[in-house]
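Working notes, structure below.
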Amino acid sequence: MSLDNETKETLKKIPLLKEKGGPRDGDEAWEKRLKEEYAALIQYVKMTKENDSTWFSITSNKSGTKWSGKCWYIHNLLKYEFKVEFEIPVTYPTTAPEFKINELTGKTAKMYHDGRICQTIHFHPLWSRNVPHFGIAHALALGLSPWLASEVPDLVSKNLIQPKESESSNNTTTSTQQ
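The opening position of the sequence shown corresponds to residue 1266 in our numbering, with each subsequent residue numbered one higher.
Put into structure tokens, the structure is as follows:
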């Protein structure tokens, strides 16, 4: 996976992680790792807000092992929004998280039958070379974001997805001409 200059600049601004603990390595090791994860995520979200390029919103369960939220992609000035979820693998951080977007299941070849997006060719080799330094923020920036950038325009061109309804189009108003 070769990275363009913008992606390299983004990557430089997301803190690299040091803790090697995963969910099965005991509470203390996982809590240390999770603190680093949250710090990197906060930095990444702050950066996207500063650049007016926010594209996701996620929350986790109390243990930090299950995450869900929304991600979106703007194409031709229209917003395409999806529910996204992922679990932290038991072998994390050696194994990258796999994102699921159930509403796109069966609409693209770059997705498994259970709704997980395919990242094996491009992202997983990059992840494996950067264990334990990459975390959730890196997976979002280098895995999910490029996948959306590749797949959403293709799905739109095939008329397989529709943009999110804008707030104003949901409000019907009647006007009369005089």
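Note that beta-carbon positions come from the ideal geometry of N, C-alpha and C, so glycine has one too.
Among the options, nearest to residue i - alpha-carbon criterion
i: Glu1368; options: Met1312, Val1310, Leu1425, Gly1286; result: Leu1425
i: Thr1359; options: Gly1334, Val1310, Gly1400; result: Gly1400
i: Lys1278; options: Tyr1309, Asn1316, Arg1298, Gly1291; result: Tyr1309
i: Asn1316; options: His1387, Thr1275, Gly1291, Pro1428; result: Thr1275
i: Lys1311; options: Tyr1357, Ala1402, Cys1383, Val1396; result: Ala1402
i: Val1288; options: Lys1327, Ser1318, Leu1343; result: Residue identity differs from the one stated: residue 1288 is Pro in this sequence, not Val. Pro1288 has its Cα closest to that of Lys1327, out of Lys1327, Ser1318, Leu1343.
i: Trp1232; options: Tyr1357, Thr1370, Leu1343, Glu1352; result: This structure leaves residue 1232 out entirely; the chain is present only between 1266 and 1443.
i: Pro1390; options: Ala1374, Thr1370, Gly1371, Ala1361; result: Ala1361
i: Thr1370; options: Leu1282, Phe1388, Phe1347, Arg1394; result: Phe1347
i: Ser1322; options: Thr1330, Val1396, Gly1329, Trp1337; result: Trp1337
i: Lys1283; options: Lys1300, His1387, Asn1270; result: Lys1300
i: Asp1269; options: Thr1385, Glu1302, Ala1406; result: Ala1406
i: Lys1285; options: Gln1427, Glu1416, Tyr1357; result: Tyr1357
Distance cut-off 7 angstroms: residue i Cβ against heavy atoms of the ligand PLP
i: Lys1429; result: Annotation note on the ligand PLP: not contained in the displayed structure, which lists no ligands.
With 16 other Cβ atoms within 10 Å as the buried cut-off, status of residue i
i: Ala1404; result: buried
i: Thr1439; result: The predicted model places Thr1439 with a pLDDT of 35, which falls under 50 and marks its position as unreliable, so this point remains unresolved.
i: Lys1365; result: buried
i: Ala1305; result: buried
i: Gly1408; result: buried
i: Thr1373; result: buried
i: Gly1291; result: exposed
i: Ser1434; result: Confidence in Ser1434 is poor, its pLDDT being 45 and thus under 50, which makes the residue's placement unreliable; the coordinate value appears in the next sentence. Label assigned to Ser1434: exposed.
i: Glu1271; result: exposed
Residue i versus residue j - alpha carbon distance
i: Met1376; j: Glu1363; result: 11 angstroms
i: Ala1414; j: Leu1420; result: 11 angstroms
i: Thr1324; j: His1340; result: 25 angstroms
i: Lys1429; j: Trp1392; result: 32 angstroms
i: Lys1383; j: Glu1293; result: Before going on, a small fix: residue 1383 reads as Cys here, not Lys. Straight-line Cα distance between these residues: approximately 32 angstroms.
i: Glu1350; j: Lys1423; result: 25 angstroms
i: Pro1418; j: Pro1411; result: 12 angstroms
i: Asn1395; j: Gly1380; result: 26 angstroms
i: Thr1330; j: Glu1296; result: 11 angstroms
i: Glu1302; j: Leu1281; result: 9 angstroms
i: Gln1427; j: Gly1334; result: 19 angstroms
i: Val1355; j: Lys1314; result: 31 angstroms
Where the alpha helix (DSSP H) containing residue i begins and where it ends
i: Phe1229; result: Limits of the chain in this structure are 1266 at one end and 1443 at the other, which puts residue 1229 out of reach.
i: Lys1277; result: 1270-1278
i: Trp1320; result: Trp1320 -> no alpha helix (DSSP H), and no H or E assigned at all.
i: Pro1411; result: 1410-1422
Endpoints, beta strand (DSSP E) assigned at residue i
i: Thr1343; result: In the sequence on display, residue 1343 carries Leu and not Thr. Counting along the chain, the beta strand (DSSP E) containing Leu1343 begins and ends at 1343-1352.
i: His1403; result: It is not in any beta strand (DSSP E) - His1403 instead sits in the alpha helix (DSSP H) that spans 1401-1404.
i: Trp1295; result: Careful: Trp1295 lies outside any beta strand (DSSP E), inside the alpha helix (DSSP H) at 1292-1315.
Identified DSSP bridge partners for residue i
i: Tyr1338; result: Tyr1345
i: Lys1494; result: A question about residue 1494 goes unanswered here, because the residues of the chain that appear run from 1266 up to 1443.
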